[in-house]
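Colleague:
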Amino acid sequence: MAEHPNVTRTREYLDTFARGDLQGLRPFFSDDVVWHVAGNHELSGDYVGKDALIGYFETARQRSGGSLSLAPTSIMANDGHVVIMLRVTGERNGKTLDIEMAEAFSVRPDGTWSEFWAMPDDQQRVDEFWA
Amino acid sequence: MTDEAGPRVADEAPEHPNATLVRTLFSALVARDTEAALGCYAENGVYRVSGNNLVSGNYRGRAAILSHHIKLMELTGGTMELTLEDLIAEDDHAVLFWHVTAERAGTSQSLDANGIMAFKIDDQGKFSESWFLYNDRRAYDDFFS
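Heads up: the protein sequence lines correspond to chains A and B, in order.
Counting along the first sequence from 1, when you hit position 51 you're at 50 in numbering that gives the first Met the number 0, and nothing is skipped either side.
Counting along the second sequence from 1, when you hit position 56 you're at 55 in numbering that gives the first Met the number 0, and nothing is skipped either side.
1) What does the alpha-carbon distance come out to for the pair Phe28/A and Asn43/B?
2) What distance in whole Å lies between the Cβ atoms of Ala76/A and Phe9/A, which are believed to be in contact at a cut-off of 8 Å?
3) Under 8 Å between the Cβ atoms of Asn17/B and Ile120/B?
4) Taking C-beta pairs closer than 7 Å, name the residues in chain A that Phe96/B reaches, listed in chain order.
5) Below 7 Å on C-beta distance, what does Asn77/A contact in chain B?
6) Which residues does DSSP pair with Thr95/A in a beta bridge?
7) Answer yes or no: does any C-beta atom of chain B fall closer than 8 Å to that of His40/A?
8) Determine the DSSP secondary structure at Met79/B, reduced to helix, strand or coil.
9) Determine, using beta carbons only, whether Ala101/B and Thr82/B come nearer to each other than 8 Å.
10) Determine the direct distance from the alpha carbon of Val33/A to that of Ala104/B, and round the result to whole angstroms.
11) For the alpha helix (DSSP H) holding Gly50/B, just list the boundary residues, first then last.
12) For Ser129/B, tell me which candidate among Asp45/A, Pro4/A, Glu102/A has the shortest Cα-Cα distance.
13) Who are Val125/A's beta bridge partners in DSSP?
14) Does DSSP put Met0/B in a helix, in a strand, or in coil?
15) For the region 92-121 of chain A, which residues have a CB atom closer than 9 Å to at least one CB atom of chain B, in sequence order?
16) I'd like to know if Ala1/A contacts chain E, where contact means its C-beta is closer than 8 Å to some C-beta of that chain.
17) Give the residues of chain B in contact with Ala37/A, contact being defined as C-beta atoms less than 7 Å apart.
Quick look at the structure:
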């Protein structure tokens, strides 16, 4: 069975992220993208628009010393959505992060992602990591 | 062109067993058959509900998941209506997209929103983890506040 184009696109996105090419992530998103970051830490909240979103990625990268790593265990997609299950690891100020997350994207007909939301298996650990 | 095997009725592969598992859960939820719904979960399966409201949190084990469902039914007075929008399944994971409407018991509050459940499935064919996510967290948080 052929891979869904939204899965292919998601792999390209994760490869771009893994290379550290944050500006290279822009084409994946719609101009009015809304990115919801759950939890109760300094980075929690809604990021609206590409500039805000790339800014969030840069802040997360700086605060983790570039150690954040996203390893997908599953990428599932239909025409309207992508769902990723992934293991997120990172190190920060002697603290380590090692969690599993479920993430979902809304996909526009033009293939861009307009909304993102996610849930970690252990929100408290995420909050402590960024505290 | 003739096909010696006869006309092909459908070109679709049989449904993935994990898709069947998700449909079983969904049907049980629609029918408010909690026993059947819990039977889709591993004994120590986890049901994670995002948000910051009366029903959000991590529920581990069938008894905890049951308590969550009872709470949902109490708060909505049995008005919750679920519609399956789409389903994706693979060997270890599956995703369910749904639409939900509900009324909050004893109030004029209503909910009309979309939700996603992402599942991990163990080698016994049961849900070991499930994540409940939704497009409009604020609508859920307000409704279940």
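Think of the CB as a built atom: it goes at the ideal place given N, C-alpha and C, for glycine as much as any other residue.
Values in this document were obtained by computation on a predicted structure and should not be read as measured data.
Modeller: Quick answer:
1) 38 Å
2) The residue you asked about is not Phe; residue 9/A is Thr in the sequence shown. The pair is a contact, with the Cβ atoms about 7 Å apart (cut-off 8 Å).
3) yes
4) His80
5) Asp85, Ile87
6) Glu90/A
7) no
8) coil
9) no
10) 32 Å
11) First-last for Gly50/B: undefined, no H or E at that position.
12) Glu102/A
13) According to DSSP, which records beta bridges pairwise, Val125/A is partnered with nothing at all.
14) A caution first: Met0/B carries a pLDDT of 46, below 50, which makes its placement in the model unreliable, though a value can still be read off. Coil, per DSSP.
15) Glu99, Met100, Ala101, Glu102, Ala103, Ser105, Glu114, Trp116, Ala117, Met118, Pro119, Asp120, Asp121
16) Looking for chain E here will not work: the only protein chains present are A and B.
17) Ser49
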